[in-house]
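Colleague: The structure that follows is given in the form of structure tokens.
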Amino acid sequence: MTDTSLLIRLAEDDDDFILSLVPRFVDFNLPPWRRRHECIEGIRDDLLRHLEDQPANSFLFVAEDSDGERVGFIHLQRTADFFTGRSNCHISDLAVAPKHEGNGVGRALLTHAEDWAREHHCQLVTLAVFPGNERARALYEATGYAPDLFRLAKPVH
0 MTDTSLLIRL
10 AEDDDDFILS
20 LVPRFVDFNL
30 PPWRRRHECI
40 EGIRDDLLRH
50 LEDQPANSFL
60 FVAEDSDGER
70 VGFIHLQRTA
80 DFFTGRSNCH
90 ISDLAVAPKH
100 EGNGVGRALL
110 THAEDWAREH
120 HCQLVTLAVF
130 PGNERARALY
140 EATGYAPDLF
150 RLAKPVH
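The numbering of the sequence shown is numbering that gives the first Met the number 0, which starts it at 0 and goes up by one.
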């Protein structure tokens, strides 16, 4: 599959497909204070809210292959940069269907996000990733993403 064989379109009646990929966001070693089921529930609830309410500055896109099969999705949010106040594009969620991993879907979705960000006059494209998500981190780094801020956490029970 090549990037040109994908159609990336705004999500419409794709709730079930998008929500079916939520477990992919925690399919690796999480920090010890994170519970897999809590992460899945939180991500699912957030995506469902964005799908149902369609808030301003929130955009969900679905990638389809040449046969019309949905192969992945990306959730973009337009945000204001904390330091400059300028517009940024934040990749809130990106997932590829398991059987389509390694076929360029993730890279095509990242390219779509960057094109969208340019069209909307964004300064940066940002994203967050768990340290244990090595596959995603490798893709992001290979496509030019670099650390901006590190978020650290410490449980205080």
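Even glycine gets a Cβ: it sits at the ideal position worked out from N, Cα and C. In this text, all values refer to a predicted model and were calculated from it rather than measured experimentally.
(1) Please classify residue 116 as buried or exposed, where buried requires at least 16 neighbouring CB atoms within 10 angstroms.
(2) Let me know if residue 151 comes out buried or exposed under the rule of 16 or more other beta-carbons within 10 Å of its beta-carbon.
(3) Can you give me the C-alpha to C-alpha distance between residue 136 and residue 5, rounded to a whole angstrom?
(4) Counting pairs of Cβ atoms below 8 Å between the stretch 34-41 and the stretch 60-80, do you hit three or more?
(5) Return helix, strand or coil for residue 125, following the three-state DSSP convention.
(6) Taking the alpha helix (DSSP H) that residue 61 falls in, what are its first and last residues?
(7) Hey, out of 71, 121, 118, 123, whose CA is closest to residue 102's CA?
(8) Can you tell me which of the three DSSP states residue 0 falls into?
(9) Starting from residue 52, follow the alpha helix (DSSP H) in both directions and report where the run begins and ends.
(10) May I ask which residues mark the beginning and end of the beta strand (DSSP E) holding residue 72?
(11) For residue 69, count the other beta carbons within 10 Å of its own beta carbon; 16 or more makes it buried, fewer makes it exposed. Which is it?
(12) Roughly how many whole angstroms lie between the Cα atoms of residue 110 and residue 127?
(13) Identify the residues that DSSP records as bridge partners of residue 95: which are they?
Modeller: Answer, in terms of the structure:
(1) By the neighbour-count criterion, in which 16 or more other beta carbons inside 10 Å mark a residue as buried, residue 116 falls on the buried side.
(2) Residue 151 is exposed by the Cβ-count criterion.
(3) One C-alpha to the other measures close to 23 Å.
(4) The stretch 34-41, when compared against the stretch 60-80, does not touch it at the 8 Å Cβ threshold.
(5) Collapsing the DSSP output to three states places residue 125 in a strand.
(6) Residue 61 -> not in any alpha helix (DSSP H); beta strand (DSSP E) instead, spanning 57-63.
(7) If we check each option's Cα against that of residue 102, 71 comes out closest.
(8) Bear in mind that a pLDDT of 47 at residue 0, under 50, signals an unreliable position, so the number given afterwards is only what the model happens to contain. In this structure, residue 0 counts as coil in the three-state DSSP scheme.
(9) In the DSSP assignment, residue 52 falls within the unbroken alpha helix (DSSP H) covering 35-52.
(10) Here the beta strand (DSSP E) through residue 72 covers 69-79.
(11) Its Cβ being crowded by 16 or more others within 10 Å, residue 69 is buried.
(12) In this structure, the CA atom of residue 110 is about 17 Å from the CA atom of residue 127.
(13) Paired residue(s): 71.
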